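Undergrad:
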Amino acid sequence: MNNSILLMAFFLVSCGGNPTTNEAAARMGQPAPEFTLADLEGKTHSLKDYRGKVVLLDFWATWCGPCRVSTPALGRLHQKLKARNFAVLSISVDDSADPVKKYVKKQNVPFLTLMADSNVQAEYRVRAIPTFVLVDAEGVIVKIFQGFAPSMEDAWEREILKLLKN
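Residue numbers (my numbering): 6 to 171.
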């Protein structure tokens, strides 16, 4: 019984969608670190290519349960706002592209998926996944969300719409 309670408490804390930690809060208002990463076909993409757009970076992995749960929410957000200078850039921290390719195909993921390297994880200080980093059109980190809870979909949309109005 006690183990079940501890396990449930750990799950809720790790998956609760904590919007900021002290370290994350310190990065808000700072320029987003530039990166160039390969997509699943090997084509490279840079964050600077998205200047002028609001971007939600999604650091995730195929083996992460909360990451998989967040995929449909990200897809809905992408479909709803893609025509309004908004993009989701999904950055997988998996060791190999093979499971990522299978997952993206099976889930019919509609947004760009890139493969992380250790540099991008270190530069963004990704300590837990999923981590979502909201970057404004000028390339500045506006908000960082760690973990995932279904209520985050509405929070993302509110924050993104504020940025799109400016």
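Note that beta-carbon positions come from the ideal geometry of N, C-alpha and C, so glycine has one too.
None of the values given here were measured: they were computed from a predicted structure.
When DSSP builds the beta bridges, which residues end up paired with residue 50?
TA: In DSSP, residue 50 forms a bridge with 42.
Undergrad: Which residue from 91, 159, 155, 162 puts its Cα closest to that of residue 72?
TA: The shortest C-alpha separation from residue 72 is found at 155.
Undergrad: Would you report the Cα separation of residue 55 and residue 164, rounded to the nearest angstrom?
TA: Those two C-alpha atoms are separated by around 18 Å.
Undergrad: Whole angstroms are fine: how far does the CA of residue 132 sit from the CA of residue 151?
TA: Approximately 9 Å between the Cα atoms of the pair.
Undergrad: Report buried or exposed for residue 49, applying the criterion of at least 16 other Cβ atoms within 10 angstroms of its Cβ.
TA: Exposed: under 16 other Cβ atoms inside 10 Å.
Undergrad: As a quick exercise: from 158, 170, 79, 111, pick the residue whose alpha carbon is nearest that of residue 96.
TA: Among 158, 170, 79, 111, the Cα nearest to that of residue 96 belongs to 79.
Undergrad: Count the CB pairs spanning the region 112 to 125 and the region 40 to 47 that are closer than 8 Å, and state whether there are at least three.
TA: Touching, yes, given that three or more Cβ pairs across the two stretches are closer than 8 Å.
Undergrad: Output the distance between the C-alpha atoms of residue 136 and residue 38, rounded to the nearest integer angstrom.
TA: When rounded, the distance between both Cα atoms is 15 Å.
Undergrad: Measure the beta-carbon distance from residue 66 to residue 99 and round it to whole angstroms, keeping in mind my assumption that it falls under 8 Å.
TA: Yes, residue 66 and residue 99 are in contact; Cβ-Cβ is about 5 Å, under 8 Å.
Undergrad: Just confirm the distance between the C-beta atoms of residue 178 and residue 34, as a whole number of angstroms; I'd bet it's less than 8 Å.
TA: Nothing can be reported for residue 178: it is not among the residues displayed for the chain, which extend from 6 to 171.
Undergrad: Sort 157, 129, 169 by Cα distance to residue 52 and report the nearest one.
TA: Among 157, 129, 169, the Cα nearest to that of residue 52 belongs to 129.
Undergrad: Should residue 90 and residue 169 be called a contact, given that it needs their Cβ atoms to be closer than 8 Å?
TA: Cβ distance < 8 Å, so residue 90 and residue 169 count as in contact.
Undergrad: List, from N- to C-terminal side, the alpha helix (DSSP H) runs of 4 residues or more that fit wholly inside the region 68 to 120.
TA: Listed in chain order, they are 70 to 86, 102 to 112.
Undergrad: According to the Cβ coordinates, are residue 134 and residue 69 closer than 8 Å?
TA: It is a contact, given that the beta carbons lie within the stated cut-off.
Undergrad: Kindly identify the DSSP beta-bridge partner or partners of residue 145.
TA: BP columns for residue 145 point to 36.
Undergrad: Would you call the CB atoms of residue 161 and residue 61 closer than 8 Å?
TA: Yes, the Cβ-Cβ distance between residue 161 and residue 61 is below 8 Å.
Undergrad: Go to residue 63, then tell me how far its alpha helix (DSSP H) extends in each direction, as first and last residue.
TA: Counting along the chain, residue 63 falls outside any alpha helix (DSSP H), though it belongs to the beta strand (DSSP E) covering 59 to 65.
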